[in-house]
Structures are given as structure tokens and as C-alpha cells.
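Asks: Just so you know, the first sequence maps onto residues 1221 to 1786 in the numbering used here. Sharing a structure below in C-alpha cells format, with a few things to ask.
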Amino acid sequence: MIQHELSTIISGAIHAAQRNEALPPFVFDGEVPLDRPRDEAHGDFATPVAMQLAKLARRAPRQIAEAIVAHLPAQGVVARAEVAGPGFVNLWIDPTWFAAQVDGILDAGAAYANLELGAGQTLQVEFVSANPTGPLTVGHARGAVLGDTLARLMEAAGYEVTREYYFNNAGLQMEALGESLRIRYLALLGESTEGLTIGRHYEGDYIQWIAAALLALHGDAWRDKAISEFKDLAVDAIFAHIRHTLNRLDIQFDIFFNEDSLYGSGEVEAVLAELKARDMLYFDEGAWWFKATAFGKEKDRVFVRSNGVPTYRVPDIAYHRNKLQRFDRVVDIFGADHKDAYPDVLDALTALGEDGSSVDVLIHQFTTLVRDGEEVKMSTRRANFITLDELLDEVGPDAVRYFILSYAPGSHNTFDIDQAKSQNERENPSLYVQYAHARCCGILDREAPKRGVVYDADADLSPLRHEAERALIREMLRLREMIARVAESSEPHHIAYYARDLAAAFNNFYDKCPVLRDDLPNELRQARLKLTAAARIALARTLDLMGMVAPDEIAAPAPEGEEDPQ
RNA sequence: GACCAUGUAGCUCAGUGGAUAGAGCGCUGCCCUGCGGAGGCAGAGGACGGAGGUUCGAAUCCUCCCAUGGUCGCCA
């Protein structure tokens, strides 16, 4: 990355200044920080290093900055440098260097901005992980999009990524599901279901549909089947539906991991045995307690209930241990409701001698749903929810992904259903980015051939000297930094803001710099054509990292008064 | 009550210890015989919830207070 190159140049200048006694001797071997100034008048890059060295060098910051500028190499990437403000060193990059980067982007093609930060390490992203008790709701959308987008960005950063979905199809919750299906089925057969309604059942329409399908396929043959068979059937049907919903968002999982298998393999038991052996569990009031207070927590936690059944934290621990054996690094995407549980899991892993530091947890807040100006509280059991499919029908996958990525995971945002439904295409910000891509295609694939302009891959780039061209190249080069930042912070939302900035830089270029106009010198036309091709690559890559389509063209808007009835 | 998160423009939100705090939407102007205007440019609009502290420098780090949301079960 260019920052690293600049850092090397500046630390070289510091050392050169010391040799010339323009600066006193002191040890300096760190990376020089480089900012991208907001204000273009402050250069392409700027460093506050002179201010930071003031104490060490015992000189005024501006004086240090002057010494650095005086000892920068006369030729190379840095075209110009100046001291500004309290002691910033502002740097301007050589326009020829900028222009030459276009060839680098074109050569890289679809692999543009791939990094090697991950260096082939394996990384698992666990997300969604909703138990198959019903269709995915809009409540699951945030975790799904954040997880998949993070996975895409981590792949770009050089990790070998596995997407994993953790679920449990055993337990009371699932028993109630099987029972609910059986009751609906018997009701369809016209049998009395009096007295069968025990426990808390699932009331969603989807149970009805599965029961109807069962009746259509097998008639009354299932009359005397056990509840567990109804449960298995319901789970299969619901999972098929969940996969379909995720597919609409272009999300595919590599592994669906069943919690139950951890019991079968003895891993859950092994965790308990080892914790006991390490004296991290004690028996009290009929239950086994984990010494969470040994890790500074408020109170100890029950790990084995008085009925002998482990609490959910135990298989969670076994699962994470299992993950650490399979992957170099692990990221969990959890909703805020899991916030209390994961510290216990990490503590227990530490107690077991595992390295909890290779587990990152990304907690996202829940989106508050608003309909008719009122908050919608959702419950799968009471069938009081809006499905993710319904949302996708209304708004479309690209807009849903972009909307979710427009918020930092920690923000408590609200999603107004009515507003989303009424949001016409003109107000849809996801289209702003897609349209920029379509424009590149319009120039390259439609307009250029129409005018008989033949793309020249060897064209010289040096005619690119317009401010809008420079700004566009600068913005394209920033994609690498953005990927690196997400890989470091595990916060994928930055890409949505980057995408907007990149599209804006292209639109500005598009407005200021005609590519194909007849009165342009041919050299300029060819250089701009190459720049447009590079922009298409950068925009397509950015959209792909967000899981969005990069369209070749955008359909014309419907005329006024002929709104799409949907 | 405890713990965690969040308070930034009219609204929705970005902001990595650095310069005059940004974007979108909305509002006010301006730019089209053009490579698809679903665009571009400019403007108005801010005590960064409050008070202390650390620092050459704080929206950003620390402490306290206020407000909002989430979680506080031998449910997952």
C-alpha cells in the first residue's frame, strides 16, 4: 500500500536529517502515521509525525517538519511536500504515479484489491444460527448480512473463510414444534385435537402449510406417527425454506453444525469432566456451578441443572473448542441478546487452556421495527413477525443489504416498514452505486462501439491530469485500505460508505470529463476509456463485496403516474 | 438496581487522538441539443447529551452525571 511506501520515505528523511544534524539524535523506528486529509488543499496524504516527535526531539513541531521536508528525496512518488498548521507535513503524490495505477487495476481485474493479510489462515464466521422453528424474520437479517459481508471482506483480505450455521434440533423448543405440526395435521384429517394442546405451540401459517403438504403427499398415513417424526419433517421443511431465503440474499453456508452432535461425540461431557478436573466446577443446591467469579464476574453460573441436563453454555463451550481445533481464527456474529453469555464461554475456554484470543465476537444491536408509527414486537412462537421473505419481496435484496450495511453494528437503528415500502427507486441509495457501474458499461460496451472507438489496452495514461480523474483514481486505491480496516475491526459497514464515495467520485468524473466526445484528442479519449474500465472493475468489486448485483444497465424509470403496483 | 451499548445538522447516520466535525434525505439556488439527469456544483443549517480530567492536540481516551435501548432464569 502507498501508505507504507510513504512511511518508509518519511522515516528515511528523518534519519537523513539526523545525519545532517538538522535533527538531534533520537531513536525512531516506528511506522509513520499517514492520514488522508479531508481538505484537498492539505494534500493527498498528511502526517502528524513531527508533532509526535516534538517531545523526543526537543524541538518545535514545525521545525521538525521543516527538517523532514528538506530531506525528502527530490524525485519519486512524492511530488511536493509542505509544512502546514501546527506541524503537519502535507504530501502531494506525483500525478504520473497516480495515472500509472490505472494499469495496475486493469491487470488485477476481478482480483483487484485482494490483500494477503490473512496469509491463507483459516477463518470461520458463524452467523444467523437461528434454530429451525420457523422462517427467518427481519430480525435475522442484520446478522445474516453482516456475517456474509464480513466473510466476503475477509476472503478479500486473504483468509480462507468458512461460513457456518450452528443450530439445535433437540430440546423442548423443537418438541413443541413437532407437536404443533401433529396437531395441525390431525385437525386437517378432521380429528378432534381436544386435550392435545399442551405446552406452548407455534402458531405461524407455515405450520399450516407444512401440514397441508403432508396431507397432500401422504394422506392419513401419518395419523399414528410419533411426535419426533413430525418434528424431523418440520425441521427439514423449515431448513429448506431458510436456505431459500438466504439464497435470495446470495448467502450460502458451507456448514450447518448441529449442536446435538457435540453430545454424540462426547465433547460436551469432556468439557464438564475437564472443568471438574481443573476444579472450575462445584456442586451446590443440586446443580453444578462454574466459577465465573474467578474471572471477575458478578456471580457463578449454573452449567448443569439439578435435573442433570447441561445449560446451553456447555455445548457452546464445546462448540467453540471444536472450532478452535478446526480454524486458526473464529468470528461470531451475535445479536445483543447473547451479550451476557459469550464472556462465560470465553472464560471457560481459558479455564480449559484454550486460546480465547483467536475468537472475535461481533455484537450487533437489534433493529427496531416500526409499522404505522408503532414499534413491532416480534415472537416466532406467537406468529407475530414479519418474515425476511416478505421484506425481500417489498424492498429487494440489494436494497436490504445496502440498508443494513449503512449502519454500524452497534447502532440502535430503526427500520420503518412503511417507509421502506413507499421508498421509490429514486430514493434508493443502493442504486446510486449500481448506476455508476452501469454508466461505465454504457460507455465501454454501448457507446464506444457505436462511435467506432476501439479500446486500446496499451494506451498511455499520462494525459489523465484533470482533478476529477485524479480524485477517482485516489478513491479506487482506497479500496485496499477499506478492506484492511474491516479485517482489523470486523466492522463491515465501512464498505457501504466507501461504495458511496467511490460512486460519487465516478459520477463527478463522468460529469466533468467526457470520454468519447468527438473533439477530444485521441490520446485523452483512450486514457479516459482505460480509466473508465478501471472504475468498472473497482465498482464491480465493491458491489460484489457487499453481495450486491453489478448491473450492466438500469431499466428506465416508470413514467410519472404509472408506478409499479407492487 | 447491576452490567453492556448508544446520545454528532430538521430527519437518518458516518467519523482510525490531529488542521475549519462530514454524508444522505429534506430545504434554497445554479448547470442539460448529454458517453443514459436515478447526475453534477453551490448555499443555509452544529454549544458533537452535560461536567470534570489526561494530552502539544479530544466527537474520539478516563471519571462522574443525565437520557434512550438491550440483557440480567437451573430458556437458547
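For every residue, glycine included, the Cβ atom is placed at its ideal position computed from N, Cα and C.
Mapping the DSSP letters down to three states, classify D1636 as helix, strand or coil.
Replies: strand
Asks: For a test of the three-state rule: what should DSSP assign to Y1385, helix, strand or coil?
Replies: Y1385: strand per DSSP, three-state reduction.
Asks: Does the Cβ-Cβ distance between F1635 and L1569 come in under 7 Å?
Replies: no
Asks: Just tell me which of D1548, A1668 and D1444 has its CA closest to the CA of G1338.
Replies: D1548
Asks: Express the C-alpha separation of V1491 and V1565 in angstroms, rounding to a whole number.
Replies: 11 Å
Asks: Expressed to the nearest angstrom, what Euclidean distance is found between the alpha-carbon atoms of A1277 and G1296?
Replies: Rounded to whole angstroms, the gap between the alpha carbons of A1277 and G1296 is 27 Å.
Asks: With DSSP run on the structure shown, which of helix, strand or coil describes G1555?
Replies: strand
Asks: Do you know whose CA, among A1331, E1225, I1403 and E1479, lies nearest E1384's CA?
Replies: E1479
Asks: Per DSSP, W1312 is paired with what?
Replies: R1300
Asks: Measuring only the C-alpha atoms, how far is L1482 from V1488?
Replies: 6 Å
Asks: Quick one: grab the DSSP three-state call for F1503.
Replies: strand
Asks: Please go through the same chain and pick out, in chain order, the residues whose beta-carbon is closer than 7 Å to the beta-carbon of L1335, but skip the five residues on each side of it.
Replies: Around L1335: A1376, A1377, G1378, R1700, I1703 and A1704.
Asks: At what residue ranges does the region 1428-1465 contain a whole run of the alpha helix (DSSP H), taking only runs of 4 or more?
Replies: The qualifying runs do not exist here; there are none.
Asks: To the nearest angstrom, report how far apart R1402 and A1433 are at their CA atoms.
Replies: 13 Å
Asks: Where G1232 and L1292 are concerned, what is the direct C-alpha to C-alpha distance, given to the nearest angstrom?
Replies: Whole-angstrom Cα-Cα distance: 8 Å.
Asks: What does DSSP give as the partner residues of H1421 in its beta bridges?
Replies: According to DSSP, H1421 bridges with nothing at all.
Asks: Name the residue from D1452, L1408, Q1272 and G1672 whose alpha carbon lies nearest to the alpha carbon of I1234.
Replies: Q1272
Asks: Does the region 1306-1314 come close enough to the region 1507-1524 that 3 or more CB-CB pairs lie under 8 Å?
Replies: no
Asks: Could you tell me the alpha carbon to alpha carbon distance between A1556 and S1349, rounded to whole angstroms?
Replies: 14 Å
Asks: Taking the alpha carbon of M1374 as the point to measure from, which residue in D1440, P1771 and L1765 has its own alpha carbon closest?
Replies: L1765
Asks: Ordered along the chain, which non-local residues of its own chain (more than five positions away) have a Cβ less than 7 Å from that of D1520?
Replies: W1509, F1510, K1511, A1512 and T1513
Asks: Measuring only the C-alpha atoms, how far is A1668 from L1326?
Replies: 18 Å
Asks: Among G1354, A1441, L1453 and D1536, which one has its Cα closest to the Cα of Y1422?
Replies: Looking at the Cα atoms, G1354 is the closest of the given residues.
Asks: Considering only DSSP beta bridges, list what W1509 is partnered with.
Replies: Y1502 and V1522
Asks: Less than 8 Å between the CB atoms is what I'm expecting for S1710 and D1580, so what's the real figure, rounded?
Replies: 5 Å
Asks: Within this structure, are the beta carbons of L1736 and V1653 separated by less than 7 Å?
Replies: no
Asks: Excluding five sequence neighbours on each side, which residues of the same chain lie with their C-beta closer than 8 Å to the C-beta of L1763?
Replies: V1653, Q1654, H1657, A1719, V1769 and A1770
Asks: What residue range does the alpha helix (DSSP H) around F1547 cover?
Replies: No alpha helix (DSSP H) contains F1547, which DSSP labels as neither H nor E.
Asks: Measuring straight from C-alpha to C-alpha, what distance separates T1587 and T1369?
Replies: 18 Å
Asks: Beta-carbon separation of L1692 and A1725 under 7 Å?
Replies: yes
Asks: Start and end of the beta strand (DSSP E) containing Q1654?
Replies: Taken as a continuous stretch (DSSP letters only), Q1654 belongs to no beta strand (DSSP E), being part of the alpha helix (DSSP H) at P1649 to C1661.
Asks: Tell me, to the nearest whole angstrom, how far the beta carbon of A1747 is from that of A1679; I am working on the premise that it is less than 8 Å.
Replies: 6 Å
Asks: Could you spell out the range, first to last residue, of the alpha helix (DSSP H) harbouring H1714?
Replies: H1714 to K1732
Asks: Here's the rule: buried if 16 or more other CB atoms are within 10 angstroms of the residue's CB, otherwise exposed. What is I1418?
Replies: Bear in mind that the predicted position of I1418 carries a pLDDT of just 48, short of 50, making it too unreliable to give a figure here.
Asks: Do you know how far the Cα of I1553 is from the Cα of R1761?
Replies: 24 Å
Asks: Helix, strand or coil for E1346? Go by DSSP, reduced to three states.
Replies: strand
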